[in-house]
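**Student:**
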Amino acid sequence: MDPIHLDQDFSQIEQDPEDFCQQFDVATLEEYVSRANDLYYNCSDPEQVRLSDYAYDCLTYWINKRKKKEAHQLSKVGAMPRVKNAVRLPFVMPSLTKVKLGKDLETFLQTPTCAPVSPVIQWSLKLDGISAMIVYHHGRPQACYLRGNGTYGSDVSYILSHISLPVINQTLFVNLVVRGELIVTKKWWIENFGRTSRATARNWVSGLLNSCFVAPALSAIHFMAYQLVSLDAEPDASAEASENIWDSQNSLQQLEQMGFQVAKHGQLTHNLSSEVLMIYRSQTDQYDYMIDGVVLSLVSHSQLQTSAPQTTFLCDSPPNPTTCVAFKINLQEQMRETVITGVDWSYTRHGRLMPVAEFHPVFIDGARIHRAFVYNASNCLHKLQLGVGTQVTVTRSGGVIPTIVKVGQVVGIPCQPQVPYPWHWQGADIVLDDPDHCPEVIVQRYVHFFETLEIPGIREGMLKRMIDCGLSSLPQILTASKEQLRTVPGIGPKRSEAYYHDIRTQLQNARLYRLLLASNTFPSGVGKCILRQISHELPNLLKSCTAQELTQLHGIGKVRATKILEGLTQFKSFAQTLPIDVVHLHQAPSGLPLVQGKTFVLTCLEDHQLDHLEDFILDHGGFLGTHAEPQTCCVVTGNVSMTSSKQEMACQMGVPVYTLTEFSSLYGYQSQN
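Below you can see the structure in the form of structure tokens.
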């Protein structure tokens, strides 16, 4: 397809990338992605309209979804340089593997080494500039190349007389090849172009370099070195002089000794994801140059890296190094505008109607979002006034939870619940008048039971089929024989066998507080924390429990004690219908020295993760804190990128912040995914 035609379609893509992707096949969409890559790396006009990150994410999402695997075209990094100054690079310029928060970053931070200790990892700021390579001969720069696709690049040697570079002591070596970034300072960019230009500083530098035009602004470009690619020592160089130059294991320090400017760098102290993230957060605003990540290198491999001259690769681009990665994350909370298409009102086990907003799909951090929880009926109908056609702005709170953060022009009337049951307002919620006789509510109560006890495979759809086949009550389902289970559509001999044993195994292994919570016999206000507390502190809870014993516990007054006793009475009746003896349930293991007597603070964890981790800590004699204090053992977070007050306080006090994976490896905890 003609590049001009592709460029003209960019504006149409920006208007509605989701709809645009539905109109074309994969091959056509890949043409647009290829053109976007070419403009990003090679365009000489910084004001040229480029595809936004949002639209680019949408195109790549649909390409990969249709192919069911990562498309080869999208695995490339960079773009083939244009013909006017394209050359085969004298040395390959591989890209770094990008890692995000999560498994990939944690795996690299705990890279196995020969030594029985954690690997020593060096960090340096990843500059948001143009990747370049400068070749020195006899101490002076002779050629400069842009990366291109790593094998073929652009010769921009004309800039060497216009940018500041050090002269190298030629008595030590003849040839020197250095990689780095061509970039301008944030201050210079803002003062000269940042307030008026549509381009970013990186695109402006790229456009100026690819124009091959000598402009006065070239002198504002800095070369920030980060890697020694190759050097040849002079035969007559003294050993003492060489030792003075190469006594450091750090190539960045070596480059500084030669007179090159290098990015800010250091060494990780704890090799934790939170440590890397805090470096990125703190330097993003403070540093003189724009950065877009943090480079992490194993120190044993981060010294001088000698590359052989160009060889032939089976792929278009050279392979990425394995001992160095680039950590990247979008610190700016991405927001997208969209339009409401409806509100889905769902039933809860307590008989409330909970609204979920539905809207035209948007892409945030590569994820396709089309629904957002609205918390309660009052928020949906009165505060946000969500009706079909209402314009809203959505984001992913903490990078995870879809959330509506702003409502634009309200269109029509809010989407009222259309249910065949009478209801009334109760505070901010809409509640059914008679939830105990609502089939949908009853199903949700059954779903809650099986989810709380983590009995696999039995969820809403299967439960509805069981009810239709005559297993209409929870006791009937739990005590059903294998033959009875096989009468349900979709349950054959193997599945009936699995369901039969899973129900009994999970019931027998359940903690008492989980069974109390799953039973739905306790009213609102007596939840997981209270039930865990009373089952932990009152070992004979099911045999004998009085209001006096309950009110002596923290947070339980006379009113709540009465509710608990009423719930216990109903639970004992319910327990008689179960195929187990609830008096002899799962007993907590003995204390673990690593945990016993220590306080842990948990934050940003999903409900099922939080439940299991709290059980692990309490079972082994630990304590749960509500906020970080100097004596806190550690903070465990399910999302290190979400800046909670608990994490900030911990960092200020020097309390380590672990991800769930890091905590698991240190304390022997088996994480529940």
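Quick note on numbering: this note's numbering labels position 429 of the sequence shown as 737, and the sequence is numbered without any gaps. Each residue gets a CB set at the ideal place from its N, CA and C atoms; glycine is no exception. Predicted model, so just to flag it, every value in this text is computed and none were measured.
(1) Taking the alpha-carbon positions, what's the C452 to L468 distance?
(2) Which residue wins for smallest C-alpha separation from L435, given the options C959, G601 and P847?
(3) For P274, report the span of its alpha helix (DSSP H) as first-last.
(4) From what residue to what residue does the beta strand (DSSP E) around V443 run?
(5) For a test of the three-state rule: what should DSSP assign to E874, helix, strand or coil?
(6) Using the DSSP secondary-structure output, state which residues sit across from D463 in a beta bridge.
(7) For the stretch 491-499 and the stretch 469-477, state whether three or more C-beta atom pairs, one from each stretch, are separated by less than 8 angstroms.
(8) What's the C-alpha gap between P831 and S319?
(9) Measuring CB to CB, does V492 end up less than 8 angstroms from A509?
(10) Spatial neighbours of V682 within its chain, please: CB distance less than 6 angstroms, with the 5 preceding and 5 following residues excluded, ordered by chain position.
(11) So the beta strand (DSSP E) P663 belongs to, where does it begin and stop?
(12) Taking DSSP as the reference, what is the three-state secondary structure of F621?
(13) Do the CB positions of T701 and H668 come within less than 8 angstroms of each other?
(14) Between H928 and Q955, is the Cβ-Cβ spacing less than 8 angstroms?
(15) Tell me the rounded alpha-carbon separation between L517 and L604.
(16) Kindly indicate which three-state DSSP category L740 falls into: helix, strand or coil?
(17) For I838, report the span of its beta strand (DSSP E) as first-last.
(18) Between T577, E322, V584 and Y534, which lies nearest to L560 when the distance is taken from Cα to Cα?
(19) From A440 to L526, what does the alpha carbon distance come to, in whole angstroms?
(20) Cα-Cα, which of N817, S581 and K866 is closest to F635?
(21) Only counting the same chain, and skipping five residues up and downstream in sequence, which positions put a Cβ closer than 6 angstroms to that of Q450?
(22) If we ignore side chains and look at the alpha-carbon of each, how far apart do D327 and F671 end up?
(23) Measure the alpha-carbon distance for E414 versus T969 and round it to whole angstroms.
(24) Using only CA atoms, which one of V696, T711, V395 and E564 lies nearest to V651?
(25) What whole-angstrom Cβ distance do V633 and V407 have, given they're in contact under 8 angstroms?
(26) Where does V867 sit, in a helix, a strand or coil, going by DSSP?
(27) Taking the DSSP output, what are the residues bridged to R704?
(28) Determine whether the beta carbon atoms of I371 and V341 lie at a separation below 8 angstroms.
(29) Please state if the CB of P725 and the CB of P402 are separated by a distance shorter than 8 angstroms.
(30) Cβ atoms of R753 and P710: under 8 angstroms apart, would you say?
**Tutor:** This is what the structure gives:
(1) As a position in the sequence shown, residue 452 is number 144, starting the count at 1. As a position in the sequence shown, residue 468 is number 160, starting the count at 1. Those two C-alpha atoms are separated by around 7 angstroms.
(2) Indexing the sequence shown from 1 puts residue 435 at position 127. Out of C959, G601 and P847, G601 has the C-alpha closest to the C-alpha of L435.
(3) Nothing about residue 274 can be read from this structure; the chain reaches only from 309 to 981.
(4) Here residue 443 corresponds to residue number 135 of the sequence shown, with the count starting at 1. Looking at the DSSP string, the run of the beta strand (DSSP E) that includes V443 is I438 to H445.
(5) Residue mapping note: residue 874 aligns to position 566 of the sequence shown, counting from 1. When DSSP states are grouped into helix, strand and coil, E874 belongs to the helix group.
(6) Locating residue 463 in the sequence shown gives position 155, where the first residue counts as 1. Answer by DSSP bridge pairing, in chain order: Y453.
(7) Using a Cβ-Cβ distance cut-off of 8 angstroms, the stretch 491-499 and the stretch 469-477 are not in contact, since fewer than three pairs of beta carbons, one from each stretch, lie closer than that value.
(8) Walking along the sequence shown from the start, residue 831 turns up at place 523. Walking along the sequence shown from the start, residue 319 turns up at place 11. Pairing P831 with S319, the inter-Cα distance amounts to about 55 angstroms.
(9) Taking the first residue of the sequence shown as position 1, residue 492 is located at position 184. Taking the first residue of the sequence shown as position 1, residue 509 is located at position 201. Yes, the pair counts as a contact, with Cβ atoms nearer than the cut-off.
(10) Within the sequence shown, residue 682 is the residue found at index 374, counting from 1. Short of 6 angstroms from the beta carbon of V682, and not among the five residues preceding or following it, lie these beta carbons of its own chain, in chain order: P663, A665 and C688.
(11) Residue numbering aside, residue 663 sits at position 355 when the sequence shown is read from its first letter. Per DSSP, the unbroken beta strand (DSSP E) holding P663 starts and ends at R660 to I672.
(12) Taking the sequence shown and counting its residues from 1, one reaches residue 621 at position 313. At F621, the pLDDT of 39 sits below 50, so the modelled position is not reliable; the number obtained from the coordinates is stated separately. It is coil, neither helix nor strand.
(13) The residue given as residue 701 occupies position 393 in the sequence shown. The residue given as residue 668 occupies position 360 in the sequence shown. Contact flag unset, no.
(14) Counting from 1 along the sequence shown, the entry for residue 928 is found at position 620. Counting from 1 along the sequence shown, the entry for residue 955 is found at position 647. Contact check for H928 against Q955 fails: the beta carbons are separated by 8 angstroms or more.
(15) Looking up residue 517 in the sequence shown gives position 209. Looking up residue 604 in the sequence shown gives position 296. Their Cα atoms are separated by approximately 28 angstroms.
(16) Locating residue 740 in the sequence shown gives position 432, where the first residue counts as 1. L740 falls in the strand class under three-state DSSP.
(17) Reading the sequence shown from its first residue, position 530 is the one you call residue 838. Bounds of any beta strand (DSSP E) do not take in I838; it lies within the alpha helix (DSSP H) bounded by K836 to E845.
(18) As a first step, residue 560 is located in the sequence shown; it is residue number 252 there, counting from the start. Closest option to L560, Cα to Cα, is Y534.
(19) Numbered from its first residue, the sequence shown carries residue 440 at position 132. Numbered from its first residue, the sequence shown carries residue 526 at position 218. Spanning the two alpha carbons is a distance of roughly 15 angstroms.
(20) For the purposes of this step, residue 635 is taken as residue 327 along the sequence shown, with counting starting at 1. Selected option, being the one with the closest Cα: S581.
(21) For the purposes of this step, residue 450 is taken as residue 142 along the sequence shown, with counting starting at 1. V443, listed in sequence order.
(22) In the sequence shown, residue 327 corresponds to position 19, counting from 1. In the sequence shown, residue 671 corresponds to position 363, counting from 1. When rounded, the separation of the alpha-carbon atoms in D327 and F671 is 13 angstroms.
(23) Against the sequence shown, residue 414 aligns to sequence position 106. Against the sequence shown, residue 969 aligns to sequence position 661. E414 and T969 have their alpha carbons spaced roughly 8 angstroms apart.
(24) Position 343 of the sequence shown, counted from the start, is the residue given in the question as residue 651. Nearest of V696, T711, V395 and E564 to V651, Cα basis: V696.
(25) Along the sequence shown, read from residue 1 onward, the residue named residue 633 stands at position 325. Along the sequence shown, read from residue 1 onward, the residue named residue 407 stands at position 99. At roughly 5 angstroms, the Cβ-Cβ gap stays under 8 angstroms, so V633 and V407 are in contact.
(26) Within the sequence shown, numbered from 1, the residue matching residue 867 stands at position 559. For V867, the three-state secondary structure derived from DSSP is helix.
(27) Here the question's residue 704 lines up with position 396 in the sequence shown. R704 pairs with P710.
(28) Within the sequence shown, numbered from 1, the residue matching residue 371 stands at position 63. Within the sequence shown, numbered from 1, the residue matching residue 341 stands at position 33. Taking the C-beta atoms as reference points, V341 is found nearer than 8 angstroms to I371.
(29) Locating residue 402 in the sequence shown gives position 94, counting from the first residue. Locating residue 725 in the sequence shown gives position 417, counting from the first residue. A distance of 8 angstroms or more separates the beta carbons of P402 and P725.
(30) On the sequence shown, residue 710 is found 402 positions in, with the first residue counted as 1. On the sequence shown, residue 753 is found 445 positions in, with the first residue counted as 1. Result no, Cβ atoms of P710 and R753 do not sit closer than 8 angstroms.
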